[in-house]
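Trainee: Structure below; questions to follow.
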Amino acid sequence: MKIVTIANYKGGTGKTSTTLSLAGLLSQRGRRCLIIDFDPQGQCAIALGLTQEPGAFNALVNTSFDLHQWIRPTGRERLDIIPGDRTTATAQIVINAENRGMEAIRKLLNRLKSEYDYIFLDTAPSVGGIQERAVYAADLLLIPTATEFMSSNGLSQIMTTLGQMVKDGWTGKLLGILPTFYDENPTESKTTLNELKERFKESILEPIHRATILREAPAEGKLVYELDPQHRATREYHALSEYLIKYS
Ligand SMILES: Nc1ncnc2c1ncn2[C@@H]1O[C@H](COP(=O)(O)OP(=O)(O)O)[C@@H](O)[C@H]1O
Ligand SMILES: [Mg+2]
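Following this line, the structure appears as structure tokens:
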């Protein structure tokens, strides 16, 4: 079992879209996948055509209960979810107040070790106890970042956290920084991508282009490849899923 955490303290960088597309595509390729939605916005369930539930809250706060109670099927083979909703914000307060160990989420998820090949953790766009522990739990960390000016400023914060984690004994690896909302035309995208490459070198992955379908899919409760298996966005996420398989 590999835990893949998708994080960036900035909002609207494609974290949720990336979580859903990757987990979906890997489940299609025979991997048993679980998504855990640690963002109080709870968009993962809705994007899959399901309803929000306090699953993440329960998993984090009612830790003596069997985790399986909060797992829901998505109607797709080998793809399950622990949905979240706004109560996750309350769990955040509890986690921060109790100051639980950094390894709290990792320990929790170890209980599901034999049941899933990949567990994807989608996180909220802010600094907090859940996000830190979700990053610490990661075998692989993926950081989506929009290709717009100043995006590397947003990255600095999470890279600083990462540096601290390494000192605290983090055993995970940075899968990469994923440029998103990439658009060939505006020079902004190109300039930003070049800057990112200069600064973060080989950590920068192949970009995901801006694509309307990625906005439409969650509104229809569908994954991008379910709407259009041939779309460039599908192909780009497919390539990323292959990279993830190779890397893990
Ligand atoms: N590459 C993309 N091109 C166009 N729209 C996108 C792309 N990736 C995500 N979106 C849309 O942009 C919004 C923010 O993306 P989301 O994945 O929710 O980001 P985050 O989880 O980081 O806040 C959503 O409406 C999503 O559907
Ligand atoms: Mg999100």
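For the sequence shown, my numbering assigns the number 401 to the initial residue and increments by one for each residue that follows.
Note that beta-carbon positions come from the ideal geometry of N, C-alpha and C, so glycine has one too.
These numbers come from a predicted model, not from an experiment.
Count the other CB atoms within 10 Å of the CB of A497; is the residue buried (16 or more) or exposed (fewer)?
Mentor: For the purposes of this step, residue 497 is identified with residue 97 of the sequence shown, where counting begins at 1. So A497 counts as exposed.
Trainee: In this structure, how does DSSP classify V535 when only helix, strand and coil are distinguished?
Mentor: As a working note, residue 535 is residue 135 in the sequence shown. Three-state result, V535: helix.
Trainee: What would DSSP say about S624, mapped onto helix, strand or coil?
Mentor: As a working note, residue 624 is residue 224 in the sequence shown. The sequence given here places Val at residue 624; Ser does not occur at that position. DSSP places V624 in helix when its eight states are reduced to three.
Trainee: Does the beta-carbon of T523 have 16 or more other beta-carbons within 10 angstroms, so that it is buried, or is it exposed?
Mentor: Locating residue 523 in the sequence shown gives position 123, where the first residue counts as 1. Buried, since its Cβ has 16 or more Cβ neighbours within 10 Å.
Trainee: With C-beta atoms as the reference, is A611 less than 9 Å away from A447?
Mentor: Translated into positions along the sequence shown, residue 611 becomes position 211. Translated into positions along the sequence shown, residue 447 becomes position 47. Not in contact: A611 and A447 (Cβ atoms no closer than 9 Å).
Trainee: DSSP has I481 in a bridge; who is on the other side?
Mentor: Taking the first residue of the sequence shown as 1, we reach residue 481 at position 81. Note: I481 sits in a beta bridge opposite I435, R472.
Trainee: Report the residue from T419, A445, K415, I406 whose alpha carbon sits nearest the alpha carbon of E620.
Mentor: The sequence position of residue 620 within the sequence shown is 220, counting from 1. With distances taken between Cα atoms, E620 lies closest to A445.
Trainee: Would DSSP call I505 helix, strand or coil?
Mentor: Here residue 505 is taken as the residue at index 105 of the sequence shown, counted from 1. DSSP places I505 in helix when its eight states are reduced to three.
Trainee: Give the DSSP bridge partners of F520, in chain order.
Mentor: Here the question's residue 520 lines up with position 120 in the sequence shown. DSSP lists V404, I435 as partners of F520.
Trainee: Just to confirm, is the Cβ distance from R472 to L450 under 9 Å?
Mentor: Locating residue 472 in the sequence shown gives position 72, counting from the first residue. Locating residue 450 in the sequence shown gives position 50, counting from the first residue. Result yes, Cβ atoms of R472 and L450 sit closer than 9 Å.
Trainee: On the premise that F581 lies in contact with A633, defined as a C-beta separation below 8 Å, what is that separation, rounded to the nearest angstrom?
Mentor: Counted from its first residue, the sequence shown places residue 633 at position 233. Counted from its first residue, the sequence shown places residue 581 at position 181. With 8 Å as the limit, A633 and F581 do not qualify as a contact, their Cβ atoms being about 11 Å apart.
Trainee: Once you ignore the five residues that flank W570 on each side, which residues in its own chain have a CB closer than 7 Å to its CB?
Mentor: Residue mapping note: residue 570 aligns to position 170 of the sequence shown, counting from 1. Cβ within range, chain order: Y536.
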